[in-house]
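K.L.:
First the structure, which I've put down as structure tokens, then a few questions once you've had a look.
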Amino acid sequence: MNIYVRLVYRNLRANLDKASLFFELVFPLFFIFVQGPAIGGTGLQLDLGGKIVGYAEYLATGAVTLTVINGGTNAGTQLWFDRKNGMFEQLLMGPFTRAQYILSIILATLIIGVVGSLLVFAFAFPVVGAGIAFTLRGQLLIAAALFLGTVFFGSFAITLSVALRSSETFQVVSTFAFFIFLFTSSVFFPTGSAPLAIQIVSLGNPLTYTTDIFRAGIFDALTPLVSLELLVLGLEAVVMFVLAVVAFRRIRV
Amino acid sequence: MTEDGPAVLVDQLSRSFGDKVAVDRVSFAIDRGEVFGFLGPNGAGKTTTIKMLTTLLPPSSGKATILGHDLATEGRSIRPRIGVVQQQDSFDQGLTVETSMDIYGLIWDVPKAERRRRIEELIDRFGMQEFRKTPTIDLSAGQRRRLQVAREFIHDMDLFFLDEPTVGLDPIVRRSVLDYLKERVKGGLTIFFTTHVLEEAEYLCDRIAVINQGRIVEIDTPENLKRRFGSAKEVEFKLLQGTSKEMAAALATLDGVTHQAQDEGSGVYRVTTSSPESVIPGIYRLAERLNLTVSSIYIAETTLEDAFINLVTDAKHAESNAGEA
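Printed below as a string of structure tokens:
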């Protein structure tokens, strides 16, 4: 059996924090079924590159990408579990390389992020279903957004977990970072209408691009900016992945 | 690469952390099928040496060959052929004992049927039936340690590194683990073993290296270490007639006796000597001359612990003397 398949399977079986995962899947449902319809009920509508969608649909798609960041955080948790329980060193003395180990965490995170997003999307379908445009271009954009977003946030969480000295600190800092990413992105509102400071921060925020690209894919609402956003998100994901690898290589055993 | 040479060949291996030298130019060789003990006080460099030999930590200088492969350049060829029990716990917290063994076998690419067979055998041999379905996070320290050692035998290996593997084990389990290791050595396994329990080093090891402050002080068989570095022995004896002032006085004249004492209450004479083999006949000759009868005689055994303490203490003295000079 392929070495990555074995390691990914082990990561998913041994290191999944099932309680957190459950919360991560349920959390977005509140946005989809509570906040979205409640605010959407005011008649708020938004323009996505010429396509008008209700706020409930807008927020439901944002809630799906919220799962990406949740899944990404799980990468850091996997690494922390292994470090805390002595399995990190144990695996590095096994028939694997450090690169294979870190890639297996990213791959497990991709599975968690993408499967989680699809599950939440399935729940969100009754809300967004009417507005969905099933095009090949749209599906490619969705795949790219989920893939790049998960790679970025998985790598980010790995870098954090390497830099921080305890799992408790990691939990606190990652949760704090999670909220910064969340509230300076386009998950809840169009950043173009936010205060200038938030607009500026959102320009560097990969969750903004993940969400924008995902929405563009779902509603086939392409703007000239989507290609640029894809490029920026791709660059951010690559840079963060390289940072994670560099940080990982420096873990003292 | 050669499959005929020693299992481990270490030449002037060193590792520093900043200014601190943890391992200082150690050299040794371990034959295939040998149990090699690595003893030293806390912080002597045992774990750092293991981390280097298991490819976890790159050496600062020096060379080593593991199973014929160069440590610096062939880590990927070394790792599939070694097993390691670290000093620290290592377990998958989300799994039961049985499942964690199964998944450990899986990541080592052991076929499923073989995994099942080995798991059953190991659970039986390591006495883990009672807690085979228990999540590893709920195990006691000793149970977790047992699992950690047993788990390594899920996969094949030629060389097994064990860093204080019996910490937390009760004496019965400890003995059964050591016996299992001995059994596997008969099948050709080579073992590199560290411990603070010197009786188990003596029980298991063919040869022992004593390391202190990063340097190897001595390498020899346990018997030779005891003989060469053990303390003077104590010969204890009793007379049928109870105590005798003449005997007490005569003992002082015996060659090789460095100290002698008599316990008035129990009537036991204690004679300290480095050569009991010549002192004991002397005691019998004295008794005959004084018309006394030796009713019991006993040599207090020199332990490996004596030899270890003497070696480490002597090394410390030598170090401080060199520093003063």
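Those protein sequences? They're chains B and Z, same order as listed.
Number 263 marks the last residue of the first sequence (the working numbering); no jumps.
Number 336 marks the last residue of the second sequence (the working numbering); no jumps.
Just so it is clear, CB atoms sit at the ideal spot from N, CA and C, and this is done for glycine as well.
#1: Is there a C-beta anywhere in chain B that falls below 7 Å from the one on D135 of chain Z?
#2: If distances are taken between C-alpha atoms only, which option among B:V172, B:L58, B:I223, B:V248 comes closest to T75 of chain B?
#3: Would G96 of chain B count as contacting chain Z if we go by Cβ distances under 7 Å?
#4: Starting from T147 of chain Z, trace the beta strand (DSSP E) in both directions and tell me its first and last residue.
#5: Nearest chain B C-beta to R156 of chain Z closer than 7 Å, yes or no?
#6: With distances taken between CB atoms, is the gap from E175 of chain Z to T205 of chain Z smaller than 7 Å?
#7: At what residue ranges does the stretch 178 to 238 of chain Z contain a whole run of the alpha helix (DSSP H), taking only runs of 4 or more?
#8: Is there a Cβ from chain B that is less than 7 Å from the Cβ of Q99 of chain Z?
#9: What residues are listed by DSSP as bridge partners for S27 of chain Z?
#10: Just list the residues that DSSP pairs D274 of chain Z with in beta bridges.
#11: Within 10 angstroms of its Cβ, does M12 of chain Z collect 16 or more other Cβ (buried), or is it exposed?
#12: Can you name the residues of chain B whose CB is closer than 7 Å to the CB of L189 of chain Z?
#13: Any Cβ of chain Z within less than 7 Å of the Cβ of V263 of chain B?
#14: When burial is assigned at 16 or more other CB atoms within 10 Å of the CB, is H166 of chain Z buried or exposed?
#15: Can you name the start and end residues of the alpha helix (DSSP H) that I55 of chain B belongs to?
#16: Taking Cβ positions, are A257 of chain B and V182 of chain B nearer each other than 7 Å?
#17: Can you grab the Cα-Cα spacing for the pair V95 of chain Z / T194 of chain B, in whole Å?
#18: With I222 of chain Z and A33 of chain Z assumed to form a contact (beta carbons below 8 Å), what rounded beta-carbon distance in angstroms separates them?
#19: What residues in the stretch 107 to 126 of chain B have a beta carbon less than 8 Å from any beta carbon of chain Z?
#20: When you compare the CB positions of A254 of chain B and T169 of chain B, do they come within less than 7 Å of one another, or not?
#21: Between the stretch 72 to 92 of chain Z and the stretch 113 to 131 of chain B, can you find at least three pairs of beta-carbon atoms closer than 8 Å?
#22: Note down, in chain order, every chain B residue with its Cβ under 7 Å from the Cβ of K62 of chain Z.
#23: Please compile the residues from chain Z whose C-beta is within a distance smaller than 7 Å of the C-beta of L264 of chain B.
#24: Sorted by chain position, which residues of the same chain lie with C-beta nearer than 7 Å to G86 of chain B's C-beta, five sequence neighbours on each side aside?
#25: Taking C-beta pairs closer than 7 Å, name the residues in chain Z that P105 of chain B reaches, listed in chain order.
#26: Could you tell me which residues DSSP puts in a beta bridge with I77 of chain Z?
#27: Let me know if D135 of chain Z comes out buried or exposed under the rule of 16 or more other beta-carbons within 10 Å of its beta-carbon.
#28: Using a Cβ cut-off of 7 Å, pull out every chain Z residue sitting near F91 of chain B, in sequence order please.
#29: Using a threshold of 6 Å, is the CB atom of T179 of chain B nearer than that to any non-hydrogen atom of the ligand MG?
#30: State yes or no: is the beta carbon of V108 of chain Z nearer than 7 Å to at least one beta carbon in chain B?
#31: Taking the beta strand (DSSP E) that F112 of chain B falls in, what are its first and last residues?
#32: Using a Cβ-Cβ cut-off of 8 Å (strictly less than) and excluding sequence neighbours within five positions of G16 of chain Z, which residues of its own chain qualify?
#33: Report, in whole angstroms, the separation of the C-beta atoms of T304 of chain Z and Q252 of chain Z, which I expect to be a contact under 8 Å.
#34: With 16 as the cutoff for other CB atoms within 10 Å, does R155 of chain Z come out buried or exposed?
#35: Tell me the DSSP secondary structure of E247 of chain Z in three-state form.
#36: Give me the residue from B:E178, B:A207, B:F41, B:F163 with the minimum Cα distance to G244 of chain B.
P.N.:
Checking against the coordinates, here is how it stands:
#1: Not closer than 7 Å to any Cβ of chain B, the Cβ of D135 of chain Z fails to qualify, so no.
#2: By alpha-carbon distance to T75 of chain B, the top candidate from B:V172, B:L58, B:I223, B:V248 is B:I223.
#3: It does; some Cβ of chain Z falls within 7 Å.
#4: Note, T147 of chain Z: premise wrong, no beta strand (DSSP E); not H, not E.
#5: For R156 of chain Z, the answer is no, since every Cβ of chain B falls outside 7 Å of its Cβ.
#6: Inclusion of E175 of chain Z and T205 of chain Z in the CB contact set at 7 Å is warranted, their separation being smaller than that value.
#7: Every alpha helix (DSSP H) stretch that sits fully inside the stretch 178 to 238 of chain Z and reaches 4 residues is listed by chain position as 182 to 197, 209 to 215.
#8: Closer than 7 Å: yes.
#9: Its beta-bridge partners are Z:V32.
#10: Its beta-bridge partners are Z:V279.
#11: Interpretation of M12 of chain Z is limited by its pLDDT of 46, a score under 50 that renders its predicted location unreliable; no figure is taken from the coordinates.
#12: When 7 Å is used as the limit between beta carbons, L189 of chain Z is near no residue of chain B, the shortest such separation being about 22 Å.
#13: With its beta carbon less than 7 Å from one in chain Z, V263 of chain B belongs to the interface.
#14: In summary, H166 of chain Z is buried, with 16 or more beta-carbon neighbours lying within 10 Å of its beta-carbon over all protein chains present.
#15: It is Gln, not Ile, that sits at residue 55 of chain B in the sequence shown. In the DSSP annotation of this structure, Q55 of chain B is not part of any alpha helix (DSSP H); the continuous beta strand (DSSP E) holding it starts and ends at 55 to 58.
#16: Going by C-beta atoms, A257 of chain B is not nearer than 7 Å to V182 of chain B.
#17: The straight-line gap from Cα to Cα measures roughly 47 Å.
#18: 11 Å between Cβ atoms; not a contact.
#19: So the list reads T107, given in the order they occur along the chain.
#20: Note that the C-beta distance between A254 of chain B and T169 of chain B is below 7 Å.
#21: They do not touch, by the three-pair rule.
#22: Ordered by position in chain B, the residues that pass the 7 Å Cβ test against K62 of chain Z are V263.
#23: Look at the range of chain B in this structure, 11 to 263, and you will see that residue 264 of chain B is not part of it.
#24: Within the same chain, G86 of chain B has close Cβ partners A167, I168, L170, S171, F180, S184.
#25: By Cβ distance, chain Z contributes R90, P91, W119.
#26: Residue pairing of I77 of chain Z in beta bridges, as defined by DSSP: Z:V19, Z:H80.
#27: Label assigned to D135 of chain Z: exposed.
#28: What F91 of chain B touches in chain Z: Q104.
#29: Although the ligand MG was asked about, the structure shown includes no ligands whatsoever.
#30: Closer than 7 Å: no.
#31: For the record, residue 112 of chain B in the displayed sequence is Ile; it is not Phe. Residue range 108 to 138 is occupied by the alpha helix (DSSP H) that includes I112 of chain B, with no beta strand (DSSP E) assigned at that position.
#32: Apart from sequence neighbours up to five positions away, the residues of its chain that approach G16 of chain Z with a beta-carbon distance below 8 Å are T76, G79, ordered along the chain.
#33: Indeed they touch by this definition, with Cβ atoms about 7 Å apart.
#34: Residue environment: R155 of chain Z is assigned as buried (16 or more neighbouring CB atoms within 10 Å of its CB, all protein chains considered).
#35: In the structure shown, E247 of chain Z falls within a strand segment according to DSSP collapsed to helix, strand and coil.
#36: Per the Cα distances, B:F163.
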